[in-house]
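Using numbering that gives the first Met the number 0, the first residue of the sequence shown is number 0, and each one after it goes up by one.
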Amino acid sequence: MKVTIFGTGYVGLVTGACLSEVGHEVTCVDVDPGKIAKLNDGVIPIYEPGLEPIVRENHQQGRLHFTTDAAAGVAFGELQFIAVGTPPDEDGSADLQYVRAVAATIAEHMDAPKVIVDKSTVPVGTGDQVRQVVGDALAKRGKSLAFDVVSNPEFLKEGAAVNDFMKPDRIIIGTSDPHSEEAMRDLYAPFNRNHDRMIVMDLRSAELTKYAANAMLATKISFMNELANLAERLGADIENVRLGIGSDPRIGYHFIYPGCGYGGSCFPKDVQALVRAAHAVDHEPLLLDAVEAVNRRQKGRLFQLVETHFGGREQLAGKTFALWGLAFKPNTDDMREAASRVLMEALWAAGAKVQAFDPEAMEETQRIYGQRDDMALVGTRDAALKGADALIICTEWKAFRAPDFELMRASLSEPLIFDGRNLYDPERLAADGWHYYGIGRGETVRCLF
0 MKVTIFGTGY
10 VGLVTGACLS
20 EVGHEVTCVD
30 VDPGKIAKLN
40 DGVIPIYEPG
50 LEPIVRENHQ
60 QGRLHFTTDA
70 AAGVAFGELQ
80 FIAVGTPPDE
90 DGSADLQYVR
100 AVAATIAEHM
110 DAPKVIVDKS
120 TVPVGTGDQV
130 RQVVGDALAK
140 RGKSLAFDVV
150 SNPEFLKEGA
160 AVNDFMKPDR
170 IIIGTSDPHS
180 EEAMRDLYAP
190 FNRNHDRMIV
200 MDLRSAELTK
210 YAANAMLATK
220 ISFMNELANL
230 AERLGADIEN
240 VRLGIGSDPR
250 IGYHFIYPGC
260 GYGGSCFPKD
270 VQALVRAAHA
280 VDHEPLLLDA
290 VEAVNRRQKG
300 RLFQLVETHF
310 GGREQLAGKT
320 FALWGLAFKP
330 NTDDMREAAS
340 RVLMEALWAA
350 GAKVQAFDPE
360 AMEETQRIYG
370 QRDDMALVGT
380 RDAALKGADA
390 LIICTEWKAF
400 RAPDFELMRA
410 SLSEPLIFDG
420 RNLYDPERLA
430 ADGWHYYGIG
440 RGETVRCLF
């Protein structure tokens with residue numbers, strides 16, 4: 000099949016690469032000529048395991064094309080995917096200006112029937128807006144062309160997006176049109192061979208499914224962080240609690256890891272957008288408000304532990320902290336809404352310095368913050384430790400799970416760890432003379448209470 004995808008960001012590029020990998024012909028359109036030039040030269044603008052080789056291979060084989068020519072893109076595919084960003088507006092609602100702009104572009108150039116597919120994460124009712132934009136634009140042109148708008152939300156985890164696309168848990172299709180359903184079934188047939196993973200529903204239900212999935216996962220994370228804070232005050236270890244409740248198959252172990260808050264491009268934005276959507280229809284989303292509030296508070300937890308240990312904010316001036324992990328999660332370079340940003344900015348405001356290392360997010364950190372006297376981005380995890388007053392962990396990269404603790408002790412000015420991801424055993428570290436602060440466990444209780 001011939002497919003056009005508007006947007007070469009995270010969702011658009013992964014979608015285009017994976018569709019071309021199974022033999023479809025894909026043209027990706029973007030308004031950024033610099034990005035298109037790099038993609039045509041084989042330079043991938045994001046870090047995602049497994050993405051670079053399939054982009055390069057399918058581009059070389061002529062199945063994956065990159066262009067800024069919107070008219071050519073519209074002419075290319077019967078299926079027109081909208082995969083542009085929907086950043087939060089000032090009130091937290093999703094900004095749909097780019098979605099509407101692409102819809103208008105498609106309507107401006109189309110001269111044959113099209114199936115327009117919303118791949119972007121959009122509020123309920125966006126498909127109806129796209130339909131209105133396209134219909135109005137065609138009417139102004141005096142054209143009577145058949146088209147349909149389909150919702151096909153993505154369920155890609157950053158760090159595992161290629162595998163998620165190639166081996167999907169489910170493929171959600173929102174349409175009531177038989178022709179559109181058949182086209183989407185043909186498109187996804189290569190991913191749907193072992194058993195039928197496709198779930199077809201109405202347009203609005205498909206749009207809500209995406210928000211509901213992310214809100215549910217965010218709720219599990221905030222729930223565990225709330226329990227972790229409670230465990231500290233009750234003298235319990237949240238890691239033992241996690242194992243106890245995760246063994247219940249009705250709960251499971253996924254997304255019940257306590258930590259320093261969720262981030263990224265999806266959970267914060269989508270929870271906020273769903274909250275605003277609820278208010279727009281006069282519904283008070285009490286649970287979703289709490290999920291967001293807990294996460295906001297949790298991102299300040301590491302700084303609170305640091306501040307308490309050193310006896311107040313004013314005692315942090317002039318101190319240096321080693322920071323392991325900058326990305327919001329492992330296997331990505333994405334810094335959007337990352338807990339590390341909240342921590343670093345609080346430390347800088349208190350007059351402290353940061354020596355940071357991340358396997359992938361160093362360049363992105365430099366782009367965000369530029370050159371600062373109070374931030375050093377170093378080449379290895381061990382280099383970040385040298386002369387630091389403590390180690391703080393924000394991201395659970397595999398490279399951080401089994402460090403050389405004797406080397407760490409020799410590098411730090413004192414054996415002190417603030418662990419926002421509960422990577423280590425507090426009892427073993429305490430026995431070896433370390434001060435160890437996790438989330439909802441051990442030494443944290445003795446320190447604060």
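Built from N, CA and C at the ideal position, the CB exists for glycine as well.
Nearest in C-alpha terms to residue 410, of all of 382, 394, 170, is 382. In the structure shown, residue 127 adopts helical secondary structure according to DSSP, grouped into three states. In this structure, the straight-line span from the alpha carbon of residue 41 to that of residue 348 is close to 40 Å. Taking the Cα of residue 295 as reference, the smallest distance to any Cα among 85, 322, 262 is reached at 262. Here the alpha carbon of residue 60 sits roughly 27 Å from the alpha carbon of residue 170.
Exclusion of the five residues before and after residue 105 leaves 73, 79, 113, 115, 133 as the residues of its chain whose Cβ lies within less than 7 Å of its Cβ. Residues of the same chain with a CB within less than 7 Å of the CB of residue 39, apart from the 5 flanking positions on each side, are 65 in chain order. Closest in C-alpha terms to residue 95, from the list 111, 110, 126, comes 126. Closest in alpha carbon position to residue 173, among 159, 166, 440, 199, is 199.
Remark: C-beta atoms of residue 219 and residue 253 approach each other more closely than 9 Å.
For a cut-off of 8 Å, the C-beta gap from residue 274 to residue 267 is around 11 Å, too long to register as a contact. Counting every other CB atom within 10 Å of its CB across the protein chains shown gives residue 339 a total of 16 or more, marking it as buried. A direct Cα-Cα distance of roughly 46 Å separates residue 250 from residue 33. The three-state secondary structure of residue 96, taken from DSSP, is helix. Segment contact: the stretch 204-217 against the stretch 228-242, fewer than three CB-CB distances shorter than 8 Å; contact not assigned. Counting only residues of its own chain and dropping the five nearest sequence neighbours on each side, residue 269 has a CB closer than 8 Å to the CB of 120, 209, 210, 213, 214, 217. Per DSSP, the unbroken beta strand (DSSP E) holding residue 5 starts and ends at 1-5. Contact between the stretch 387-401 and the stretch 308-322 is established, with three or more Cβ pairs separated by less than 8 Å.
Non-local beta-carbon contacts of residue 358 in its own chain, meaning distances under 7 Å to residues more than five positions away in sequence, involve 396, 398 in chain order. For residue 215, the enclosing alpha helix (DSSP H) begins and ends at 202-233. Excluding five sequence positions before and after residue 150, the CB atoms of its chain that fall closer than 6 Å to its own CB belong to 117, 126, 173, 202, 205, 206, given in chain order. In this structure, DSSP gives residue 370 a state outside helix and strand, which the three-state scheme calls coil. Between residue 102 and residue 136, the C-beta gap is smaller than 9 Å, which places the two residues in contact. By the Cβ rule, the stretch 304-312 does not count as touching the stretch 230-237, because fewer than three pairs are nearer than 8 Å. Where residue 19 is concerned, the enclosing alpha helix (DSSP H) starts and stops at 9-20. The Cβ atoms of residue 31 and residue 5 lie no closer than 9 Å to each other. Note: residue 117 is bridge-paired with 81, 150 in the DSSP secondary-structure output.
One thing to note: residue 363 has its Cβ within 9 Å of the Cβ of residue 332. The criterion of a C-beta distance shorter than 9 Å is not satisfied by residue 394 and residue 430.
Around the beta carbon of residue 292, fewer than 16 other beta carbons lie within 10 angstroms, which makes this residue exposed.
Boundaries of the alpha helix (DSSP H) harbouring residue 53: 50-59, taken from the DSSP string. For residue 264, the number of other beta carbons within 10 angstroms of its own is at least 16, and it is reported as buried.
Closest in alpha carbon position to residue 163, among 246, 272, 48, 147, is 48. When DSSP states are grouped into helix, strand and coil, residue 132 belongs to the helix group. When DSSP reads this structure, residue 171 sits in a beta bridge with 198.
Distance from the CA atom of residue 22 to the CA atom of residue 54, rounded to whole angstroms, is 13 Å.
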